[in-house]
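Read the structure below first, then the notes.
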Amino acid sequence: MMWFWRSVVGKLWFTILLLVSCVLFILTVLLLKFFETYYVQEAEKELTQLAVRVSEVMKGHEDEALARSIASTLVGNTSKAMIVVDQTHYWYLPDHSYHDNLPLSFIEKDQELRQVLTKQKSVKKKTYLSNVNMQNDRYKEWLIVGVPLAIEGGKHGAVFVYQSLKAVEDTTEQTKKLIYLAAFIAIVLTTVFAFFLSTRITAPLRKMRQAAFEVARGKFDTKVPILTHDEIGELAMAFNQMGRRLQFNINALNQEKEQLAGILSSMADGVITLNRDGEILITNPPAERFLQAWYFEQGNESEAMTALPPQVKEQFALVVKQEKEQMAELTLQGRTWVILMTPLHSQTAVRGAVAVLRDMTEERRLDKLRKDFVANVSHELRTPIAMLQGYSEAIIDDIAATDEEKKEMAKVIYDESLRMGRLVNDLLDLARMEAGHITLSYESVQLYPYIDRIIRKFQGLAKEKQIDLSAEFRSADVHLLMDPDRIEQVLTNLIDNALRHTDEHGIVKVIVEHSGDSVMVHVQDSGSGIPEEDLPFVFERFYKADKARTRGRSGTGLGLAIAKNIIEAHKGTITVHSKLGEGTTFTFTLPVRQQ
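Numbered according to the numbering used here, the sequence shown terminates at residue 595, and the numbering increases by one at each position without gaps.
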């Protein structure tokens with residue numbers, strides 16, 4: 001039932017019904033007042049005329065009996081008359097009715113009515129005769145009209161004509177019945193009219209409500225049919241226009257959002273958005289790499305990225321407190337990051353901050369390379385040249401006394417020339433690779449037997465150094481399309497480096513796993529590790545982490561640079577993670593291509 005009163009139909013029905021009721025009530029009051037006034041005035045007029053005629057009849061006829069008979073005929077049965085000559089001589093007309101007679105004492109006691117007898121003045125009065133024995137209309141209102149009567153001999157009497165006003169009440173009751181009937185008809189018509197309006201007003205409104213719910217659910221192309229050209233039709237037209245505008249705005253916002261997301265994802269700088277509590281809201285790929293490096297350094301690489309380095313937290317606290325941008329520099333896993341954090345303002349306070357992380361490692365690396373390149377090349381070439389020069393001078397100066405010593409010196413000269421040749425060949429190979437002139441011979445290789453064969457090649461060296469060299473396969477075997485000779489060159493370099501930098505009783509493990517559409521190979525050792533400041537430079541030419549390394553353990557410093565170019569030529573990636581004193585992990589990823 002409550003839905004009816006809450007609906008437009010119920011409210012409209014009640015409003016119209018209330019309006020009709022108010023009109024009927026006012027009309028009833030006015031009609032009743034009009035009928036009462038009009039009937040009383042007419043009754044007064046008739047009774048006055050009747051009283052005057054009775055007075056004239058009684059005055060104009062000497063025969064009293066004849067005059068009373070004529071007067072009785074004039075009075076009729078609807079009225080009563082009382083002719084008073086004196087206190088002892090009065091009679092009633094019609095004289096055959098003994099009931100409802102007005103006693104003379106009532107007239108004498110009434111101040112207005114007795115003026116007719118005392119002052120010869122005409123009087124009209126409405127009164128209740130509750131104290132008079134009136135059989136039929138004792139408690140009804142009566143109208144009494146009195147006129148003076150002139151009698152022979154100088155006497156003065158009066159004629160009183162009175163009549164009950166019950167007819168007025170009967171008329172009022174009939175009027176009320178008519179009004180009740182009109183009210184019932186009005187209610188019926190109002191109900192019919194209200195439900196008729198429901199089909200013309202509420203039906204389009206219900207369709208608009210349904211369309212509004214559809215729009216709220218995201219269906220902005222919902223249309224409302226325009227059935228009329230009145231205000232409801234204009235409302236439907238405005239609703240449809242609003243839907244089109246919302247669709248346009250939402251599309252514009254989505255495009256802007258996608259554009260911003262694309263810009264954010266393609267940025268070289270990392271971006272991290274934080275709320276006021278320091279929780280991460282938005283990151284882009286460079287920022288995720290920054291966080292992954294932080295988690296790896298803390299030893300919880302597999303945990304969700306919810307924490308920040310302490311330096312970043314302190315910087316965020318300063319931004320919130322001082323409400324101005326702050327700059328800091330942080331080094332993680334050998335990479336240098338410059339962090340510029342700016343506050344995000346709401347209407348009244350700081351609601352968070354946005355941090356832009358710029359990887360300055362390349363700039364630092366280039367600076368270091370410019371300083372070290374000449375020194376490294378000079379160092380790598382100076383040693384074999386100096387040895388060639390020294391032993392050559394010894395042979396020329398006949399310092400070697402015996403043929404055996406001369407052969408030993410010649411052997412040293414030969415070995416150093418081979419070393420210089422390897423260095424020159426590696427430089428040439430690296431230059432060709434960096435110039436994009438590398439040629440790969442792709443073959444379908446069953447990966448696990450291929451890895452086992454390479455590991456067996458180093459088992460002799462591993463046993464000699466008492467190092468545990470093993471392989472771990474974490475997924476099913478796959479056939480990989482690659483250049484087996486080049487990838488063997490990469491694995492040989494990585495395993496050889498791991499064995500040379502791992503002490504006795506250490507562990508070197510090759511881990512292979514299939515991840516999505518790529519294969520990941522990890523070469524992990526428990527060796528001395530790489531200093532954090534050297535991590536960005538391990539894939540550069542002539543890089544050697546141990547500057548005091550002996551010649552017997554040292555290579556040319558080009559192996560990792562060549563390995564990186566080979567992996568990138570296979571459309572893969574190679575990375576390194578290391579902690580000083582705990583070990584190093586080199587990881588390269590190769591895509592799985594369809595044959």
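Where a beta carbon is used, it is the ideal one built from N, C-alpha and C, also for glycine.
When the Cα atoms are used, isoleucine 413 and glutamate 393 turn out to be separated by approximately 11 Å.
Pairing valine 512 with phenylalanine 539 gives a Cβ-Cβ distance that is not under 9 Å.
The segment 280-353 is shown to contain whole alpha helix (DSSP H) runs of 4 or more residues at 285-298 and 310-322, in chain order.
In this structure, leucine 447 places its C-beta atom within 9 Å of the C-beta atom of valine 519. A check of alpha carbon separations from arginine 276 across Ala203, Leu235 and Lys321 identifies Lys321 as the nearest. The alpha carbon of threonine 492 has as its nearest neighbour, out of Leu480, Ser475, Met482 and Val510, the alpha carbon of Val510. The three-state reading of DSSP puts phenylalanine 542 in coil, since its state is none of H, G, I, E or B.
When the Cα atoms are used, aspartate 86 and glycine 157 turn out to be separated by approximately 6 Å. Taking C-beta atoms under 8 Å as the contact rule, leucine 332 and alanine 287 fail to qualify, at a distance of about 12 Å. About 51 Å separates the beta carbons of valine 188 and glycine 146, which is beyond the 8 Å limit, so they are not a contact pair. Taking C-beta atoms under 8 Å as the contact rule, proline 148 and glutamine 120 qualify, at a distance of about 4 Å. Between isoleucine 272 and alanine 355, the C-beta gap is smaller than 9 Å, which places the two residues in contact. A distance below 6 Å between beta-carbons, with the five flanking residues on each side excluded, links aspartate 468 to the following residues of its chain, in chain order: Ile507.
For serine 72, the uninterrupted alpha helix (DSSP H) segment begins and ends at 64-75. Rounded to whole angstroms, the gap between the alpha carbons of threonine 127 and leucine 30 is 23 Å. Alanine 238 counts as exposed, since fewer than 16 other beta carbons sit within 10 angstroms of its beta carbon.
Segment contact: the segment 168-186 against the segment 22-29, three or more CB-CB distances shorter than 8 Å; contact assigned.
Of all C-beta pairs linking the segment 360-370 to the segment 335-342, three or more are shorter than 8 Å, placing the two stretches in contact.
Contact between valine 161 and serine 79 holds: CB atoms are separated by about 6 Å, below the 8 Å threshold. In the three-state scheme derived from DSSP, where H, G and I count as helix and E and B as strand, phenylalanine 588 is classed as strand. Taking each of Asn101, Lys140 and Ile144 in turn and checking the Cα distance to leucine 113, the smallest one comes out for Ile144.
Put simply, the backbone Cα of lysine 45 is about 20 Å away from that of lysine 140. In this chain, tyrosine 442 is not harboured by any beta strand (DSSP E), its DSSP state being neither H nor E. By the beta-carbon neighbour count (other beta carbons within 10 angstroms, threshold 16), tyrosine 391 is buried. Here the alpha carbon of glutamate 64 sits roughly 17 Å from the alpha carbon of glycine 154.
Take the alpha-carbon of glutamine 298 and the one of serine 265: they are about 26 Å apart. In the displayed model, glutamine 389 falls within a helix according to three-state DSSP. In terms of Cα proximity to isoleucine 83, the closest of Glu323, Leu104 and Lys109 is Leu104.
Here DSSP, grouped into helix, strand and coil, assigns alanine 401 to coil. Fewer than three beta-carbon pairs drawn from the segment 398-405 and the segment 530-537 are found closer than 8 Å, and the two stretches are therefore not classed as touching. Here glutamine 466 carries a coil assignment [DSSP, helix/strand/coil]. In the structure shown, valine 478 falls within a coil segment according to DSSP collapsed to helix, strand and coil.
In the three-state reduction of the DSSP assignment, lysine 509 falls in the strand class. Threonine 228 and glutamate 258 have their C-alpha atoms roughly 41 Å apart. In terms of Cβ geometry, phenylalanine 588 and alanine 563 form a close pair [threshold 9 Å].
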